[in-house]
Every structure is written in structure tokens, then in C-alpha cells.
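Novice: Heads up: the sequence lines are chains A, B, C, D, E and F, in that order.
In this text, residue positions in the first sequence follow this note's numbering: the first is 2, and each later residue adds one.
In this text, residue positions in the second sequence follow this note's numbering: the first is 2, and each later residue adds one.
In this text, residue positions in the third sequence follow this note's numbering: the first is 2, and each later residue adds one.
In this text, residue positions in the fourth sequence follow this note's numbering: the first is 2, and each later residue adds one.
In this text, residue positions in the fifth sequence follow this note's numbering: the first is 2, and each later residue adds one.
In this text, residue positions in the sixth sequence follow this note's numbering: the first is 2, and each later residue adds one.
Just so you know, even glycine gets a beta-carbon here, dropped at the ideal spot from N, CA and C.
Number of protein chains: 6
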Amino acid sequence: MALVEYADAAPEVRVVFDDIKATRGVADVNNFWKALAVHPPTLKRTWESLKQVMAPGALDPLTKEMLYLAASAAAGCAYCTASHTAAARAKGMTDAMHGELLAVLGMAAETNRLAEALRVPIDQGL
Amino acid sequence: MALVEYADAAPEVRVVFDDIKATRGVADVNNFWKALAVHPPTLKRTWESLKQVMAPGALDPLTKEMLYLAASAAAGCAYCTASHTAAARAKGMTDAMHGELLAVLGMAAETNRLAEALRVPIDQGL
Amino acid sequence: MALVEYADAAPEVRVVFDDIKATRGVADVNNFWKALAVHPPTLKRTWESLKQVMAPGALDPLTKEMLYLAASAAAGCAYCTASHTAAARAKGMTDAMHGELLAVLGMAAETNRLAEALRVPIDQGL
Amino acid sequence: MALVEYADAAPEVRVVFDDIKATRGVADVNNFWKALAVHPPTLKRTWESLKQVMAPGALDPLTKEMLYLAASAAAGCAYCTASHTAAARAKGMTDAMHGELLAVLGMAAETNRLAEALRVPIDQGL
Amino acid sequence: MALVEYADAAPEVRVVFDDIKATRGVADVNNFWKALAVHPPTLKRTWESLKQVMAPGALDPLTKEMLYLAASAAAGCAYCTASHTAAARAKGMTDAMHGELLAVLGMAAETNRLAEALRVPIDQGL
Amino acid sequence: MALVEYADAAPEVRVVFDDIKATRGVADVNNFWKALAVHPPTLKRTWESLKQVMAPGALDPLTKEMLYLAASAAAGCAYCTASHTAAARAKGMTDAMHGELLAVLGMAAETNRLAEALRVPIDQGL
């Protein structure tokens, strides 16, 4: 799998990399963006969507990041689980919060599968 | 799919149903528990685990419920998505918070799949 | 979704339906086969593969059917869960066996997700 | 990902590790438990649930282990597939049984997806 | 689940609905967009992304639609499978093409699971 | 995980390997087939099914291969994604086509999850 480094990137890719670095205050972009750079329109669209979605709003940045991690771990994406665990820690997730998040994830997985295996009908009014 | 109603439940099932109703302050248990009552040991173990996992801790109850919802929606469980959306709303999730949670879910799904389709290597140090 | 009934079926479809009915000793085929009949080559290939795979071998028919149910429930297929639960019951799965199968399914879901969320390295020698 | 070794483990973690080793008759616990030890309440709860679920009952230990493997493989968990394949072999799964289990898994995956892609309605009476 | 109809929609929602109707030449938008209208920023962003992604490019519209259908069916999304099957048919997918797409989907599901259950190492050079 | 090399293969395995090599014009078979050779009946059945499904028909070989890739990536199978990306490139998938396929995959993942999280009812007439 090719990773596009800044030095080798086309101008339209550099513009996105520069915005990621400035927005996040980091020296280099993650491998995800370097891999996505093989298709510049998808790189640009994905970054702009992500920036909009993760901006503070009714939910604070840490909560958003933990939701992102929960969804990624539930989907079994190893890369995403690793990078969003790191991002959540950088935003303030403590060991205790991580442990409880893991406990919720595991419990959800168990009850999700039991609900499906039993074909439980949705409760009236929901 | 059989749902076990309180009136027809064995004593060991009633004990669990009573504890769910008392803990949650509800008049009746959800269909999930009525379905799970077909196997009393699993009913008892699952409820006791859930009660422990969802108790307030380093994460507040609303955050735990939204994480549960995110994991359930990411896993595609319709029953669980319906019931945990209702539970999160009961714990204070507003329309705006729900909208942002959905946006994070959608974004996570997209980037999860792109990361896997591109086989992105995990960033050094993670 | 169109379901192809025997009366309306092309000869190549009837041949497969006849074999399913004879092999299983049933009066009519399940909806799955009626739906699959929209593409006769896939109907024929799928049935022949299934017949070969589910024949008694090193594993007995009930164990095979419970494995099929476990895999289908883990994959979240509602139709498949319903039909393989029925098939397993017809082959001798009792309430107690079903309850234990559900417990294993739920436990597997929980530990699967925890193992992935923690990115546990595979034990040496495996 | 941190793995907690016995020598570095807190007393509450050692109690669980000791019980795993005694129950299974092994010299050391698997990486899964060492990773889970980052959150001792989840370690304890998960082990106690697993011990209860996997105890002999209406289903024998080998059948339970093969169901665990089928569910784990269907969920795509590499760690779990590796460890439960080893566990099933240790409980008596032969090459022929493993081959047939794989065949059922593959067949289930194919028919699961076809049933969903065709949106097959659940058969009457199920 | 609330569906927002045009008559009840806020101006920012109507702008998106109008663009969907004009772009697709349809009298009303699908339920998906009516449901997504509960969060107008997500509605707008999702539609604009979709319009860009599905525009003709190196791949023709029918191929894109069939890829969308394959991905949706593989993910087990019933709504998406139904709507993208209809969309692909509207763009020229014949019964024979649909049948072959289903056959590929089923085969992929089977070999995906076998490859994971066997933990096949990626071939050198890939 | 054992990989069965040609030199060590039983005659029934060699027959399949020979047919794969002749059909595809390759010097050696992929690891998938070497792994599957641990169960010769599954090896033979899977190859014969695959050969039939991937033969040219109403859909051309490149379209079939891209559908296979889309389904495999949506299912999160790393081995399958790697091998079918290579196969699609060998059949003519350009960088631009790959980029657009990735964009469709990502978009499908996002809208699949939103449709499920919102429990969107299937549109009338579908």
C-alpha cells in the first residue's frame, strides 16, 4: 500500500495536508491521510467532512472522540481503534474512562447479539 | 419468538424482573428481558453484568448510554438501536446531540471502511 | 421481492426444488430457495453445495446445524437465524441446549469485541 | 497495547489469574486476560461469566468450544479465531471436524448474504 | 422514527430536497433523506458528498450503482439493499446481471470468511 | 496456519491446483488455496464454484472483480481486499477507477450506517 509523503505530494494534496496540520497542530499527518492521498478528491472531501463533524457543538470533543472510538471498535477496524484510542487519550480520556468504555463496548456486543439471535420485537412506542 | 410475561414467569425470573423494575423505576421490563427469560441463567448473568457496567463511574450515565447506542448502531442491531436511542433520550440526549452522534457514526463508518480498504498501517508509536 | 412458486417455476428450477423436497422429506421448499430461483445457476450451485456440506461426516447433523445457527446469528442474519433455529430444533436441539448456545454466542460477541478493541496480540505458538 | 504480567499485577488481578490457571490447569494465562487486566472489574466479570458459560451442561465442552469458534470466525476476530481453534483442538477437534466446521462456516456466510441481499421473508410459522 | 415531509421542512432542508429532486428528476425524495432531515447539517453534507461520488467519472453510473449495492448488501443493510437494487435496475441492471451480482456477493462472503477463519497470510508482493 | 505446497500435496489437491494454474495462467496458486487444502472437499467445491461464478457472462470479468473487491472490503477481510485489489488491477482497474471505487465504498458505509441508525422504513413499492 502506497503512502504519499508531503515531499512527493501534488499541490492539491499538500493543501489538505497543510490544513490538517494547522487544524490539529501536528507536525505530520497520520498514515490514513497519506494513504487516502492516492485519490485527491476523496482525500479533500473526507477531511472537510471530518473537520465539520468533529468540531465542537452540542457534544464536546472528548465525547465525540469516544463515540468515534466506540463505533470503530464495534466495526472491528484495527487501524481506527488504534488511532482513535490515541486521539481520545490526547483529549483527556483517563485509564478509568477507557476501562468503562471497553466495558460498555463488550456489554453492547453481547446484548446486540442476544437481541438478534432471539429476534426480539421492538418495544411498543419506540 | 416467545416473550415471558411476569404473570407466567418462574420465581427465578421474577426475581430478576423485580430488580430491573426497581433499579430503573419502570412498571414493566423491556421485551429484551422477556425474550432472554427463556434461559434464566443467561437472564440473571446478563442483567447483573449490565447493571454493574452501566452504573455511574468515571463516565456519566448519559455518556455511557450514547456509547452503547453508538456501538449498537455500528453493529447494525435494530432492536438495540431503538431501545438505546430511547434510553439516551430519557437520560438527556437532545435532538442536537442525537444529530451530532449520527454524524460521528456515519463518518466513522466511512473512514473505518476506507482505512480497511486501503490497508493503512498503524502509525508508529500507537 | 419475488418468490418463485413451484407451479410457476422453469424446469431447471423444478429439478432443484424436487431434490430439496426429496432430500429433506418436506412438502414445499423454504422461501430462501423460492427467492434464489430468480437465478437458476445460483440456486442449483448453492443447493448442491449445501447438500454436500450438511451431509453427516465427522460432525453429526445436529452439531452442524447448531454451528450454522451460531455463524448466522453472529452475522446478524434474521432470516437465517429463524430458519436455522427451527432446523436445529427439528434435529433435536432442546430448550436447554438452545439456551446454552445463546449464552456462548453472547459471550463470544463480548470477548470478540474486547479482544479487537484491545488489539490483543495472538499468543505465541498459535 | 499493554499486557499485564503476573509479576506486575495488582492483587485483585492476581486472584483472577490464579483462578484461570487453576480452572484450566495452565501455567500462564493467555494474552487476552493480560490485556483485559488494564480494567480489573471487567477482567473479573468477564472471566466469571466465561467460566459459568463454558461449564459442561446440556452441551458438552467440545461442542461449546466449536460454537465459540464459529461465532468468533463469523465475527472476523483474528485473535479469537486463533485462540478458540487451539482450544477446540485441545478438547478433541480433529482435522476432519475442523474441515467440516470451516465448510459450514463458509456455506453459512454465503447463504446469510444471499438471504439478506434478496430480503427473503421469514417462512410462515417461524 | 420521524420522516420530514417537504411541506413541514425548514428552508435549509427544502433547498437540499429541491436539489435531490432536480438532480434525479424525481417528484419526491426517498425516505432516507426525509429521515436524515432531522439533522440538517448531516443531510446537506451527505447529499453533497453522494452527488459528487456518484457523478460519472472513470466508472460509469451503472457500475457505481452496482458497487454501491454490493457494499450495502455485504454490510447487511436492508433499506440500502432495497433502494440500491431499485436504483441499479433503473440504470440498466438486467435480471441476468442481478443474478450474477448475487452470485459474486455470495461467493465473496464464503471466501471472505474462509480466508479469515484460516488466517491466510497475504501473498508476497501484495 | 499450515499452507500446503504443491510438492507436499495429495493427488486430489494437486488436481485442483493444476486446474487453478491452467485456468488463470499462473505459475503457482495463491495462499488462499494452499490454506484451504487442509480440507480437500472444501478446496475442490470452493474452486469449482468460484470458477463458475467468475466466468464471463452478463457482467464482464473486470466488473465482477470490482464487485468482489467491494464486497470483500465491506466485509473487512484484509486478505481478500489485498488479493482482489491485485486481481482487479490485473484485469484493467486503473488508479482513477480504484479511487472512485473507494469513494463509493466509503459513501456506502456512511449511508448504510445512517439508514440503520435512523431505522429508515423501506420506500413504498420497493
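Compare the Cα-Cα distances from A/A70 to each of A/R46, A/G58, A/V105 and A/E49 and report the closest residue.
Specialist: The displayed chain sequence assigns Leu, not Ala, to residue 70 of chain A. Ranking the options by Cα distance to A/L70, first place goes to A/V105.
Novice: By Cβ distance below 8 Å, which residues in the same chain neighbour D/P62 in space, the five residues on each side in sequence not counted?
Specialist: Taken in chain order, the residues that qualify are M55 and K92.
Novice: Can you tell me whether E/G126 is buried or exposed, with buried defined as 16 or more other CB within 10 angstroms of its CB?
Specialist: exposed
Novice: How would you list, in chain order, the residues of chain C whose beta-carbon sits under 7 Å from the beta-carbon of E/L103?
Specialist: H40 and T43
Novice: State buried or exposed for D/A163, treating a residue as buried only when at least 16 other CB atoms are found within 10 Å of its CB.
Specialist: The question about residue 163 of chain D has no answer here: the residues shown for chain D are numbered 2 through 127.
Novice: At 8 Å on the CB atoms, spell out the chain C contacts of D/K65, in chain order.
Specialist: E101 and V105
Novice: Less than 7 Å between the C-beta atoms of E/A89 and E/M67, yes or no?
Specialist: yes
Novice: Comparing alpha-carbon positions, which option in A/A72, A/T64, A/L102 and A/V5 lies nearest A/A36?
Specialist: Nearest C-alpha to A/A36: A/V5.
Novice: Within 10 Å of its beta-carbon, does C/R25 have 16 or more other beta-carbons around it, so buried, or fewer, so exposed?
Specialist: exposed
Novice: If you follow the alpha helix (DSSP H) that F/K22 is in, where does it begin and where does it stop?
Specialist: P12 to R25
Novice: C/E13 and A/G77: beta carbons closer than 7 Å?
Specialist: No, they are not a contact pair.
Novice: Round the Cβ separation of C/R133 and F/S73 to the nearest angstrom and send it over; I've been treating them as touching at under 8 Å.
Specialist: Outside the displayed span of chain C (2 to 127) sits residue 133 of chain C, for which this structure offers no information.
Novice: Mind checking if A/A74 is an interface residue toward chain C, Cβ cutoff 7 Å exclusive?
Specialist: yes
Novice: Would F/H99 pass as a contact of D/L103 if the rule is Cβ separation under 7 Å?
Specialist: Taking 7 Å as the Cβ cut-off, F/H99 and D/L103 do not qualify as a contacting pair.
Novice: So, helix, strand or coil for E/T82, using DSSP?
Specialist: helix
Novice: Does DSSP put C/L51 in a helix, in a strand, or in coil?
Specialist: DSSP, reduced to helix, strand and coil, places C/L51 within a helical segment of the structure shown.
Novice: B/A97: which of A/A59, A/N113 and A/D96 sits nearest, CA to CA?
Specialist: A/A59
Novice: Nearest-angstrom Cα distance between E/Y80 and D/D29?
Specialist: 48 Å
Novice: Kindly indicate which three-state DSSP category C/H99 falls into: helix, strand or coil?
Specialist: helix
Novice: Roughly how many angstroms separate the alpha carbons of E/V121 and F/L44, rounded to a whole number?
Specialist: 14 Å
Novice: Out of B/D20, B/N31, B/S84 and B/T82, which has the shortest C-alpha to C-alpha gap to B/Q53?
Specialist: B/D20
Novice: Could you check the C-alpha separation between F/V16 and A/S84 for me, to the nearest Å?
Specialist: Taking the straight line from one Cα to the other gives about 46 Å.
Novice: Looking at the C-beta of E/I21, does it have a partner C-beta in chain F at a distance below 7 Å?
Specialist: no
Novice: Under 7 Å between C-beta atoms, does B/G126 make it to chain E?
Specialist: no
Novice: Looking at the secondary structure, which residues open and close the alpha helix (DSSP H) in which F/Y69 lies?
Specialist: P62 to A75 is the extent of the alpha helix (DSSP H) around F/Y69.
Novice: With burial defined as no fewer than 16 other Cβ atoms inside 10 Å of the residue's Cβ, what is the status of D/T95: buried or exposed?
Specialist: exposed
Novice: Counting only beta-carbon atoms, is A/G77 nearer than 7 Å to chain D?
Specialist: yes
Novice: Can D/D124 and C/N31 be called in contact, C-beta distance under 7 Å?
Specialist: yes
Novice: Closest to E/A75 by C-alpha separation, out of E/A110, E/D9, E/W34 and E/A3, would be which residue?
Specialist: E/A110
Novice: Quick one: list the residues of chain A neighbouring F/D96, beta-carbon separation under 9 Å, in chain order.
Specialist: V39 and H40
Novice: Under the rule that 16 or more other beta-carbon atoms within 10 Å means buried, what is B/A10, buried or exposed?
Specialist: buried
Novice: Thinking E/K22 and F/E101 are a contact (beta carbons under 8 Å), I'd like their distance in whole angstroms, please.
Specialist: E/K22 to F/E101, Cβ: 25 Å. No contact.
Novice: Give me the Cα-Cα distance between C/A3 and E/A87, rounded to the nearest whole angstrom.
Specialist: 13 Å
Novice: Go ahead and pull the three-state DSSP assignment for A/R46.
Specialist: If DSSP states are grouped into helix, strand and coil, A/R46 belongs with the helices.
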